[in-house]
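Chemist:
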Amino acid sequence: MKTLLGYADQISVTAGDEIAFRVSSETAETYDATIVRIVNGDLNPAGSGYREEDVPGTAWHIQGRPQKIHAGSCIVVDTAVPLERLAAGWRVTLLARPTLPDSSGQDGTGQVMFSLRDRVSGGGMEIGIKGEEGAYVTVQGSQARVTCAAGVPMRRHEWYRVRVAFDAAKGELTLSQAALESCAGIADSADVTVACAVEPAWTSAARIIIAARATAEGENIFGGFYNGKLEAPCLLDHAGAVIGQWDFSIGIDGQDICDQGPFHLHGHTWQMPGRAMTGHNWNGSIRAWQDAPEQYGAIHFHEDDIIDAGWATDFAWQVPSGLKSGLYAARLRSATDEDYIPFVIRRAAGTGHAPLVFVLPTASYLAYANEHLAIDAALAERVHDHVPVFGASDVFLAERREFGASLYDRHSDGSGIMISSRLRPVLNMRPKYQSWLGGTGSGLWQMNADTHIIDWLEHEGFDYDIITDEDLDREGVKALSPYRCVMLASHPEYVSTRMLDALAAHRADGGRLVSLGGNALYWRVVYHPTMPGVMELRRCEVGNGWITDPGESCHAFGGEYGGLWERIGRPPHETLGSGFIGQGFDKCTYFRRQADSYTPRAAFIFAGIEGDIIGDFGLIGGGAAGIELDRANSAKGTPLNTLVLARSEGHTNTYLPSTCALLINYAGQGAAQSDLVRAEIVFFETAEGGAVFSTGSIAWSGSLSHADYDNSVSRMTGNVVRRFIDPAPFELPASAARPVSF
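So, in structure tokens, the structure goes:
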């Protein structure tokens, strides 16, 4: 079982920067920490061997301490409420659309929609829902408590108006639960009044928390989390005068909450619940929240939202000058466990640059961060055609859901997870980690698979730098402009607009682009504008694990329409010459050279390569062609001068076309029966002397080190990289007017 876990405050640093590491030792053991450079993260004995290098002068011996993650989202109102205005009584109204109405909450005490309580004494009031009781209101005095409940359960995914009133003079507590749309035969509305001689035991420390309650455990530790949407909460005094009136349609793209009442009881969200959510009045005519924010006045809260673990720093390191740009990690070792916290060191500005830059696809790492697919998804074993094998990290994450999940997973209420963050331990973003997704053999996926490329670059002696997706999103084409050649990794699936624009601008300026993976540049994501390491995804039109609800296809972070880049009008074929066509996760196969590979334009690529078969070997699935596959299609933007150099063959019927590639389902679409699902290696020249080379296969990198790097995959990749870093310009062919592939 995992007992040692950590994360860093940054993913990319350079000389002079300080990086902080936050660690939890769940057994409070001491541990040793060392900074290491990761060269090859694969433990497979059939490969070139795991390799890390200690950075001299980086050794810490630290007394461990347990640190907890407190998941669950809510709104914290920062300003004290004028409690004297509530002495004679008060009213609360709100709109609610519960998504787990049958639940009484994680601790059985209810899901709180609105609370005004002293976190130490517990005095005050709260309004929530509790399973069969439906909506309830509780008033906690100094000695006694009174609860009023609707007595009828709410329906899931239905809007309700909840009204609560307390009259101190009459000693009455009233609750109204009213469905906005009735359902024949269902009694889910109620009006209840009970005697209440107890007055809320408020103190000046009482604060309003929306979608949770404050707890005595400490400041910013909450309980009773609500699951579902809330809209338009309003607090009034006994006479009906507004004390607080919160409008969630204001500032949708931020985390501040606006109170339109006279006391400016503004607040902020905690653990980032979902915004840009359709409200009770959404009528279907609007698809973008920017066009009618008043129809997007709801926020979706979850008991398992987690953005920032909030741990304290255990040790920090100032990056010295002179270190090689690369993938590094803080290695933690105790008597019972080990963990790695990865980060990238960039080459310092003003110290020159390599001709080649390798872009580590950290956006895709975040998309898969702490995924639970094989445990939670019923069809995972069927889709992958093998029994998933779980390691200690997988088992830990299955039991400890507070560490969050991936953008493929769902919240406990069934809604898709739209926001991911690196400000928590990400246990599948580690060297030595083996993934059930990675096929037979090494079983590598994402970061650990990308270390095969780093290992190859080291063996071949290339001068290279490494940057991350966050660097590319933050700096745009400026991050690429020093480099002649840009190399993409094994699975750069998730990209932002700024990242895609940077690649396009670099290529348009004569830059060269090498893509050594598959399913590249596929989904649009958006980074948070002010919180580094936080990323949003809206899976609209086509689902993968889940799909957005109607009307919720535009990101809260800036409002961009989400989904596949192909559906947004920028298919990966335009940038890379190929795009995602299908996938399979059992065995990988090989490529066979095509007629285009024998043209003079491709001669440099195949120098020293004999025969027609490329890559019938490899650590991932046994071949260079597999897992997820891309192929050319001029109808989707593959340039007409593209050469299809090689095409994969021999895939099993577990390889199926992607859902976006199909207009209709029919039998016989497996790769052994249909010619649709194939990877293609492509090459084309661009304006201003540039060029693009794409392998179209996630498994490609696992074949680089075969036979001590003396193989067709390594030789072809080396031929391409050496020519691409050569300043001699490529020339566009005189004529290229034929359609490419299908």
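Here the sequence shown is numbered in my numbering, starting from -6 and rising by one per residue. Positions of the beta carbon are idealized from the N, C-alpha and C atoms, including for glycine. Computed from a predicted structure; not experimentally measured.
#1: Which first and last residues belong to the alpha helix (DSSP H) in which THR568 is found?
#2: Quick one: give me the first and last residue of the alpha helix (DSSP H) that ALA588 is part of.
#3: Determine the closest residue to GLY144 out of GLY127, TRP152 and LEU390, with distance taken between C-alpha atoms.
#4: Could you check whether the segment 535 to 542 touches the segment 711 to 730, counting it as contact only if at least three pairs of C-beta atoms, one from each stretch, sit closer than 8 Å?
#5: Return helix, strand or coil for MET411, following the three-state DSSP convention.
#6: Where does MET440 land, buried or exposed, given buried means 16+ other C-beta within 10 angstroms?
#7: Any contact of the segment 172 to 183 with the segment 65 to 74, i.e. 3+ C-beta pairs under 8 Å?
#8: Which whole-angstrom value is the C-beta distance of LEU638 and ASP589, which I expect to be below 8 Å?
#9: So what's ALA285 in DSSP terms, helix, strand or just coil?
#10: Let me make sure I understand the geometry here. Which of THR131, CYS581, ALA513 and ALA285 has the alpha-carbon closest to that of SER357?
#11: Count the other CB atoms within 10 Å of the CB of THR592; is the residue buried (16 or more) or exposed (fewer)?
#12: May I ask which residues mark the beginning and end of the beta strand (DSSP E) holding ILE31?
#13: Say whether the segment 494 to 513 touches the segment 475 to 485, bearing in mind that this needs 3 or more beta-carbon pairs closer than 8 Å, one atom from each stretch.
#14: So the alpha helix (DSSP H) GLY711 belongs to, where does it begin and stop?
#15: My understanding is that SER314 touches ARG340, with C-beta atoms under 8 Å, so please give their C-beta distance in whole angstroms.
#16: Start and end of the beta strand (DSSP E) containing THR355?
#17: What three-state label does DSSP hand ALA385 in the structure shown?
#18: In three-state terms, what does DSSP make of ARG78?
#19: Since TRP693 is in the alpha helix (DSSP H), which residue starts that stretch and which ends it?
#20: Does ILE602 come out as helix, strand or coil in the three-state DSSP assignment?
#21: When DSSP builds the beta bridges, which residues end up paired with GLU678?
#22: With distances taken Cα to Cα, identify the nearest neighbour of ASN363 among VAL350, ALA398, CYS141 and ASP330.
#23: Relative to the C-alpha of THR431, which candidate in SER687, ASP448, GLY616 and TRP516 has its C-alpha closest?
#24: Is the Cβ-Cβ distance between TYR321 and ILE4 less than 8 Å?
#25: Given this structure, state the Cα-to-Cα distance separating LYS163 from SER242, to the nearest angstrom.
#26: Checking the sheet assignment: what are the DSSP bridge partners for MET480?
#27: Using the Cβ count rule (16 or more neighbours within 10 Å means buried), how would you classify HIS379?
#28: Just reading off the alpha helix (DSSP H) that LEU465 is part of, what are its end residues?
#29: List the whole-angstrom C-beta distance separating ILE613 from ILE607, where the pair is believed to meet the contact cut-off of C-beta under 8 Å.
#30: Looking only at DSSP bridge pairs, what is PRO650 linked to?
#31: Quick one: using the 10 Å Cβ neighbour count with 16 as the cut-off for buried, is ASP332 buried or exposed?
#32: Kindly give me the distance between the Cβ atoms of TYR219 and GLY121, rounded to whole angstroms, as I take these residues to be in contact under 8 Å.
#33: In the DSSP output, what is THR444 paired with across the bridge?
#34: What number of angstroms, rounded off, separates the C-alpha of GLY570 from the C-alpha of VAL518?
#35: Please classify GLU174 as buried or exposed, where buried requires at least 16 other C-beta atoms within 10 Å of its C-beta.
#36: Which of the three DSSP states, helix, strand or coil, is assigned to THR72?
Modeler: The short version:
#1: 565 to 569
#2: Per DSSP, ALA588 belongs to no alpha helix (DSSP H) and is neither H nor E.
#3: GLY127
#4: no
#5: coil
#6: buried
#7: no
#8: 6 Å
#9: coil
#10: ALA513
#11: exposed
#12: 23 to 33
#13: yes
#14: 705 to 717
#15: 11 Å between Cβ atoms; not a contact.
#16: Premise fails: THR355 lies in the alpha helix (DSSP H), 355 to 360, not in any beta strand (DSSP E).
#17: helix
#18: helix
#19: Careful: TRP693 lies outside any alpha helix (DSSP H) and carries neither H nor E.
#20: coil
#21: ALA684
#22: ALA398
#23: According to the sequence shown, residue 431 is Gly rather than Thr. If we check each option's Cα against that of GLY431, GLY616 comes out closest.
#24: no
#25: 36 Å
#26: PHE351 and VAL507
#27: exposed
#28: 462 to 468
#29: No, ILE613 and ILE607 are not in contact; Cβ-Cβ is about 15 Å, not under 8 Å.
#30: GLY575
#31: buried
#32: 7 Å
#33: Paired residue(s): none; THR444 is not in a bridge.
#34: 21 Å
#35: exposed
#36: coil
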